Amino acid sequence: MIEIKDDWCKGCNICIDRCPVNALEESERLNKRGVRPPQLKKNNKCNFCRYCELICPDLAITITPDEEDKKVEKKNLLSPVGGIKK
Numbered sequence: 005m006i007e008i009k010d011d012w013c014k015g016c017n018i019c020i021d022r023c024p025v026n027a028l029e030e031s032e033r034l035n036k037r038g039v040r041p042p043q044l045k046k047n048n049k050c051n052f053c054r055y056c057e058l059i060c061p062d063l064a065i066t067i068t069p070d071e072e073d074k075k076v077e078k079k080n081l082l083s084p085v086g087g088i089k090k
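Residue numbers (the numbering used here): 5 to 90.
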């Protein structure tokens, strides 16, 4: 889940410009500062990389993985060195 605190956003659009999968866009609504905060596009390919959360200077974006995303098994790219071979 992606939570965007609209009123914390200053409208710098760093998150929109830097998203590696182009999942964010400017919203139609204005916040208290008079700027348009980001929102997820309707057809987005967000992979929950958390890059937008990391680079937001106002800490306005919070990423919380959904239960479905937590169950995805990640491949281990490391292989043991030495020891017993299978």
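Just so you know, even glycine gets a beta-carbon here, dropped at the ideal spot from N, CA and C. These numbers were taken from a predicted model, which means no experiment stands behind them.
Bridge-paired residues (DSSP) for residue i
i     : result
Thr68 : BP columns for Thr68 are empty, so no partner.
Ile6  : Ile67
Pairwise C-alpha distance: residue j and residue i
i     : j     : result
Pro69 : Tyr55 : 13 Å
Asp11 : Leu81 : 41 Å
Leu63 : Glu7  : 11 Å
Asn17 : Val85 : 45 Å
Integer-rounded CB distance, given that residue j should sit under 8 Å from residue i
i     : j     : result
Ile65 : Cys19 : 6 Å
Ser31 : Pro24 : Not quite, the Cβ-Cβ distance comes to about 20 Å (not below 8 Å), so this is no contact.
Lys45 : Leu34 : Incorrect: roughly 19 Å between the Cβ atoms, too far for contact.
Contacts around residue i, its chain only, beta-carbon distance under 7 Å, and the 5 residues preceding and following it disregarded
i     : result
Asn51 : Val25
Lys14 : Arg37, Val39 and Asp62
Q: Could you name each continuous alpha helix (DSSP H) segment of 4 residues or more that falls completely within the segment 28-59, going from the start of the chain to the end?
A: Listed in chain order, the complete alpha helix (DSSP H) runs (minimum 4 residues) inside the segment 28-59 are 55-59.
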